[in-house]
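Student: Numbering (the working numbering), first residue to last: 122 to 417. Just so it is clear, CB atoms sit at the ideal spot from N, CA and C, and this is done for glycine as well. Dropping the structure in here first, questions after.
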């Protein structure tokens with residue numbers, strides 16, 4: 122996208138426009154703003170809180186020439202402020218902090234890669250400014266000139282931030298099976314788990330497979346990542362014994378298949394998987410914290 126033109130048709134504010142404060146205009150923008158905030162924060166609740174704060178500011182605004190750009194700038198900067206305090210909270214979090222899963226079926230296909238669970242997890246290694254630039258550029262197609270206006274940075278600095286973000290993100294695992302292949306592999310995993318087939322599970326695990334469990338101190342979960350085939354197998358065996366009556370179900374979350382487990386009719390866990398080129402499981406992220414599942 123050439124500099125100076127963006128999906129909002131510009132980035133200015135002020136002037137004699139009369140859209141400021143219009144509920145209808147804001148509601149048209151809400152899904153896009155929520156998607157932006159979620160990619161920035163990795164939390165559905167925090168994203169919704171930010172968008173609501175943006176609405177309060179919008180309700181008092183007047184003379185906004187380009188509402189979409191004005192709102193994008195406000196939401197981006199609110200997210201940057203939120204990320205500062207969120208990182209402090211996450212450092213004191215009980216065990217690994219994982220992003221909240223989200224239903225993204227309504228998102229255009231070109232936006233789904235930026236909201237994949239693996240990508241959200243990788244983005245946790247970025248600084249808030251790098252994350253903002255990466256999301257605005259890669260997911261929403263803004264030019265560096267527009268991003269510089271949103272952030273109050275120079276265009277040269279946003280290019281540098283974008284370059285650092287891409288370098289850090291491409292250092293992580295990038296292979297992702299097709300959706301049918303993901304479903305086939307997850308189905309194999311689910312079948313082996315349900316049948317207590319330890320040999321079948323073992324054959325699916327890579328030697329250095331790692332499992333992260335996010336219980337948030339609300340439910341029992343491993344406080345540290347579990348790495349290695351033998352240790353992960355013991356963890357899975359323990360979970361199978363503890364939740365023998367769990368009902369598994371394949372869901373589409375974050376633009377990819379995920380395995381959900383229901384206990385007594387209630388959603389108790391969601392698991393995202395990563396596989397290597399040979400179809401072996403290299404990583405699994407298990408969200409158990411009920412606060413991160415209630416919106417589903």
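Output yes or no for whether 8 Å exceeds the beta carbon distance between residue 159 and residue 223.
Tutor: In contact: residue 159 and residue 223 (Cβ atoms closer than 8 Å).
Student: Using a Cβ-Cβ cut-off of 8 Å (strictly less than) and excluding sequence neighbours within five positions of residue 143, which residues of its own chain qualify?
Tutor: Correct list, in chain order: 188.
Student: What number of angstroms, rounded off, separates the C-alpha of residue 406 from the C-alpha of residue 169?
Tutor: One C-alpha to the other measures close to 23 Å.
Student: Where do the N-terminal and C-terminal ends of the alpha helix (DSSP H) with residue 208 fall, by residue?
Tutor: Unbroken alpha helix (DSSP H) run through residue 208: 188-212.
Student: What is the DSSP secondary structure of residue 412, reduced to helix, strand or coil?
Tutor: Of the three classes helix, strand and coil, the one that applies to residue 412 here is helix, per DSSP.
Student: What do you get for residue 155, buried or exposed, if any count of 16 or more other CB atoms within 10 angstroms of its CB means buried?
Tutor: Buried, by the Cβ-count rule.
Student: What are the residues that DSSP puts in a beta bridge with residue 384?
Tutor: Paired residue(s): 387.
Student: Are the segment 387-394 and the segment 303-320 in contact at 8 Å, needing three or more beta carbon pairs?
Tutor: The answer is yes - the segment 303-320 touches the segment 387-394, with three or more Cβ pairs under 8 Å.
Student: Do the segment 275-295 and the segment 200-207 touch if we need at least three Cβ pairs shorter than 8 Å?
Tutor: With a cut-off of 8 Å, the segment 200-207 and the segment 275-295 do not count as touching, because too few Cβ pairs lie within range.
Student: Keeping to the same chain, check which residues put their C-beta closer than 6 Å to that of residue 331; ignore five residues upstream and five downstream.
Tutor: So the qualifying residues of the chain are 346, 348, 404.
Student: Measure the C-alpha to C-alpha separation of residue 299 and residue 387 and round it to an integer number of angstroms.
Tutor: Using only the alpha carbons, I get a separation of about 29 Å.
Student: To which residues of the same chain is residue 370 closer than 7 Å at the C-beta, ignoring the five residues directly before and after it?
Tutor: For residue 370, where only same-chain residues beyond five positions count, the Cβ hits under 7 Å are 381, 383.
Student: Should residue 264 go down as buried or exposed, given a rule of 16 or more other Cβ atoms within 10 Å for buried?
Tutor: So residue 264 counts as buried.
Student: Just confirm the distance between the C-beta atoms of residue 355 and residue 216, as a whole number of angstroms; I'd bet it's less than 8 Å.
Tutor: That belief does not hold up - the Cβ atoms of residue 355 and residue 216 are roughly 18 Å apart, past 8 Å.
Student: What are the partner residues of residue 371, as DSSP defines its beta bridges?
Tutor: Its beta-bridge partners are 380.
Student: Under the assumption that residue 115 contacts residue 282 (Cβ atoms under 8 Å), give the Cβ distance between them as a whole number of angstroms.
Tutor: Since the displayed the chain opens at 122 and closes at 417, residue 115 lies outside it and no answer follows.
Student: Compute the distance between the beta-carbons of residue 410 and residue 337, then report whether it is under 8 Å.
Tutor: Yes, these two residues count as a Cβ contact at 8 Å.
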